[in-house]
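Structure first, then comments.
Chains as they are written, first to last, in our numbering: chain A, 3 to 90; chain B, 23 to 835.
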């Protein structure tokens, strides 16, 4: 399990509006309060690798100006034995 | 059901943390300090383990393991932000191949041994010939670790053959500060980023190397602040993407650019500004020390002796005359930077309504004229008056978490004593002997081997070093010219390499003895970051297996040497070298050398309190250990303004900001090299690099880092998300150069110098792009070591090697 929260600065244009629609429709993301174009969101994924994939996808998505991670929970299951070795 | 509830709770608390970032009213300071109450985790503060920024983080532990982290909102460095490395910092503890037991090499293979045997081996190796032993430390040693190793060598062995890997990253910055102010480390701080109106990168890529500090400025721009951002660089980087002006300069010509700016300021009459006469002296080096920079051994030894670091006066007329050559057009011809941009920078620096901040890191530091370039950067700020006001400063960033706190301040360099005191100064040696309770004459007055010299002596048959103990660093990957300075060890059977580390590395691959170390929050610690800020943390989890703190390893060896009667490990009263520092109030010495008792007392606190008096000598006053336990970092000098209240200093040498500046002086450089409270405005000429491209080796090679990996990748390459994001090293080539070689992205390319060669994949349109005639290779990948190709050319004063420029040829493999 991996849960992370972040702040996204959304572009003030149609791309930004579409991005918010995309996030609302994506079960991995929960949108929270906003302050202007800055939105608090939570990302809930099965593993730290899924979390990173989703983060990269979001960072590169049209309508995103900046993504700032705020908190990351990486539970025990996030790093099963052998995960690191898989990459070594 | 329990898992679902926990998951919902964690999501809720994570959302609250994010909301607090954008809606300040939702988050109080207290919440920032102790965020997720009830989540079943134990949270504690620590600085990030990686770079010199020194971000504050909160780590969450559960069942003896770090399982969560968040940025510390109370840490003024990062104000609740972290970079991608920081958010994965907890995972660095859990690579699958942690070193868990001491090992010695037998018939070519490392075999497990006991700690007792390992400590005895080290004892015997050192006592057999202490003068041929050297210690290679790190800007990642904690302050107490660095202090213990420094005392062990300089106080216990009576020589100064100890040097940190910080020699490779910021020795030129330290030399530049000392040459200019008579004392090391920046006068400004990160708060300058909040006030500057013009930001100039000098061979710097903060978007990847110091992303949190970079975002601090970019965030201002997102909120509407006007900050003109100028990127002077040798290759296009992610930082360049955000810049208003990007200019590529030919490697090594940054001195010409600085002189071009000084030229325009002088033409504009800035030598007549009142602050120049009042606060500064014009200065030049004492001699022409390198008529042929390719012959690195022909320096006039007298000219580059540290006592001549401060140079000599230069007349106003000579200073003006020297600068006349550096017209903007001439500088454009030399460097490639447009004359219009040189003029723009000079105009901005000349404008009293602007606040100009220059910042740099490895570009001006890893440079055969690093001391000179650092000095020139300070000088153009002095001349223009862009100094001493919030946002107007010249700031040197660091690459390691305690390059300042440990290497520079604790003085683990081969020419320093604690408190950044010179071993050449008799008074400082006597003071050290007094504070360490040593017999007079124990501290050597001879500068020890600097890094390149140390490894050269080690790897040379008959060289003066037989044994090196390495802690918290990976020279088998990070030294330049690996074939000469590290791999040659394979052919020297009499040489003995001891390595304390947390994972197998390129260095442990040649080690004769490997010691498993505890890392990060597996032990207590303190770091000092680039803005003079000390931060403290407590051990949160146990290290794996038999891994033990580096400080314990030093204390255990020292005690064994004492027990064996080694005279250097006795103080003047015949007690163990560390006894007085560690004593209990009742006078007994806790048996911390026995690991079962190491945590009976707070060893860090006791070593730190012995160290503190040193810091007052050069007005780098540190607070008591207990103050750092409470605070989320304090910038020195830290002054007790009323009983129990310790206040930090944001800007040095400025009246009203620095408690040591006398009222009425405005600014006072109270460690002036000329004892007149004045700092320097330096003259240094531009000189060609020792090795430039030619017909045989037609490309410049620059090496460096990437966002995802920290230095040699020992930690970050074991964090799966980071490794996946940047799985291997590569070579950046300009697309036109690649086309000429019929190379496409992903093709294998061989880069070759006069020292060695390396074959690795090409990346043509990646995040960075060098100009034509240049290539870039990062050094994080131990399988693709670019330091087989680099050269150990170094600055004559700082002895810092130049990893940023050498000549190579490139071909499709």
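Don't be surprised by glycine CBs; every beta carbon is placed ideally from N, CA and C.
Tell whether a beta-carbon distance below 7 Å holds between residue i and residue j.
{"i": "residue 164(B)", "j": "residue 547(B)", "result": "yes"}
{"i": "residue 776(B)", "j": "residue 811(B)", "result": "no"}
{"i": "residue 650(B)", "j": "residue 627(B)", "result": "no"}
{"i": "residue 466(B)", "j": "residue 180(B)", "result": "yes"}
{"i": "residue 434(B)", "j": "residue 177(B)", "result": "no"}
{"i": "residue 284(B)", "j": "residue 345(B)", "result": "yes"}
{"i": "residue 302(B)", "j": "residue 594(B)", "result": "no"}
{"i": "residue 414(B)", "j": "residue 378(B)", "result": "yes"}
{"i": "residue 819(B)", "j": "residue 473(B)", "result": "no"}
{"i": "residue 7(A)", "j": "residue 72(A)", "result": "yes"}
{"i": "residue 702(B)", "j": "residue 255(B)", "result": "no"}
{"i": "residue 205(B)", "j": "residue 370(B)", "result": "no"}
{"i": "residue 397(B)", "j": "residue 704(B)", "result": "yes"}
{"i": "residue 78(B)", "j": "residue 816(B)", "result": "no"}
{"i": "residue 529(B)", "j": "residue 492(B)", "result": "yes"}
{"i": "residue 410(B)", "j": "residue 689(B)", "result": "yes"}
{"i": "residue 774(B)", "j": "residue 747(B)", "result": "no"}
Quick one: does residue i have its CB under 7 Å from some CB of chain B?
{"i": "residue 37(A)", "result": "yes"}
{"i": "residue 10(A)", "result": "no"}
{"i": "residue 7(A)", "result": "yes"}
{"i": "residue 19(A)", "result": "no"}
{"i": "residue 70(A)", "result": "yes"}
{"i": "residue 47(A)", "result": "no"}
{"i": "residue 42(A)", "result": "yes"}
{"i": "residue 79(A)", "result": "Residue placement at residue 79(A) cannot be trusted, given a pLDDT of 40 that sits under 50; what the coordinates show is reported in the next sentence. No, its Cβ sits nowhere closer than 7 Å to a Cβ of chain B."}
{"i": "residue 73(A)", "result": "yes"}
{"i": "residue 34(A)", "result": "yes"}
{"i": "residue 66(A)", "result": "no"}
{"i": "residue 85(A)", "result": "Confidence in residue 85(A) is poor, its pLDDT being 36 and thus under 50, which makes the residue's placement unreliable; the coordinate value appears in the next sentence. Taking Cβ atoms only, chain B reaches closer than 7 Å to residue 85(A), which makes this a yes."}
{"i": "residue 50(A)", "result": "yes"}
Please determine, among the options, the residue with the shortest C-alpha to C-alpha distance to residue i.
{"i": "residue 512(B)", "options": "525(B), 531(B), 522(B)", "result": "531(B)"}
{"i": "residue 66(B)", "options": "831(B), 252(B), 93(B)", "result": "93(B)"}
{"i": "residue 124(B)", "options": "64(B), 713(B), 132(B)", "result": "132(B)"}
{"i": "residue 831(B)", "options": "780(B), 818(B), 406(B), 825(B)", "result": "780(B)"}
{"i": "residue 37(B)", "options": "41(A), 22(A), 59(A), 25(A)", "result": "41(A)"}
{"i": "residue 64(A)", "options": "49(A), 3(A), 10(A)", "result": "10(A)"}
{"i": "residue 367(B)", "options": "666(B), 224(B), 63(B)", "result": "224(B)"}
{"i": "residue 431(B)", "options": "423(B), 424(B), 422(B), 441(B)", "result": "441(B)"}
{"i": "residue 758(B)", "options": "769(B), 260(B), 795(B), 361(B)", "result": "795(B)"}
{"i": "residue 736(B)", "options": "85(B), 117(B), 110(B), 87(B)", "result": "117(B)"}
{"i": "residue 805(B)", "options": "136(B), 750(B), 456(B)", "result": "750(B)"}
{"i": "residue 707(B)", "options": "391(B), 361(B), 448(B)", "result": "391(B)"}
Is the shortest distance between the beta-carbon of residue i and the beta-carbons of chain A less than 7 Å?
{"i": "residue 233(B)", "result": "no"}
{"i": "residue 641(B)", "result": "no"}
{"i": "residue 56(B)", "result": "Any answer about residue 56(B) is weak, because its pLDDT of 49 lies below 50 and its placement is not dependable; what the coordinates show is given next. False, the Cβ-Cβ gap to chain A never drops below 7 Å."}
{"i": "residue 197(B)", "result": "no"}
{"i": "residue 300(B)", "result": "no"}
{"i": "residue 144(B)", "result": "no"}
{"i": "residue 43(B)", "result": "yes"}
{"i": "residue 109(B)", "result": "yes"}
From the DSSP output, which residues share a beta bridge with residue i?
{"i": "residue 11(B)", "result": "Within the shown structure, residues of chain B are numbered from 23 to 835, placing residue 11(B) beyond reach of any answer."}
{"i": "residue 832(B)", "result": "773(B)"}
{"i": "residue 37(A)", "result": "40(A)"}
{"i": "residue 64(B)", "result": "83(B)"}
{"i": "residue 411(B)", "result": "414(B)"}
I want to check one thing, is the minimum distance from the CB of residue i to the heavy atoms of the ligand PLP below 6 Å?
{"i": "residue 64(A)", "result": "Of ligands this structure carries none, so the ligand PLP is not represented either."}
**Request:** For the stretch 74-106 of chain B, enumerate the residues whose C-beta is nearer than 8 Å to any C-beta of chain A, in chain order.
**Result:** 82, 84, 85, 87, 89, 90, 91, 92, 93, 102, 103, 104, 106
**Request:** Output, in sequence order along the chain, the residues in the stretch 800-818 of chain B whose CB is closer than 7 Å to any CB in chain A.
**Result:** For the stretch 800-818 of chain B, the set of positions with a beta-carbon nearer than 7 Å to some beta-carbon of chain A is empty.
**Request:** Pull out every residue of the stretch 742-757 of chain B whose Cβ sits closer than 8 Å to any Cβ of chain A, in chain order.
**Result:** 742, 743, 745, 746, 747, 749
**Prompt:** Which residues, in order along the stretch 234-263 of chain B, keep a beta-carbon less than 7 Å from a beta-carbon of chain A?
**Reply:** 244
**Prompt:** Using a beta-carbon distance cut-off of less than 9 Å, what residues from the stretch 118-138 of chain B approach chain A?
**Reply:** 118, 119
**Message:** Using a Cβ-Cβ cutoff of 7 Å, what residues of the stretch 30-41 of chain B are near chain A? List them in chain order.
**Reply:** 32, 33, 36, 37, 39, 40, 41
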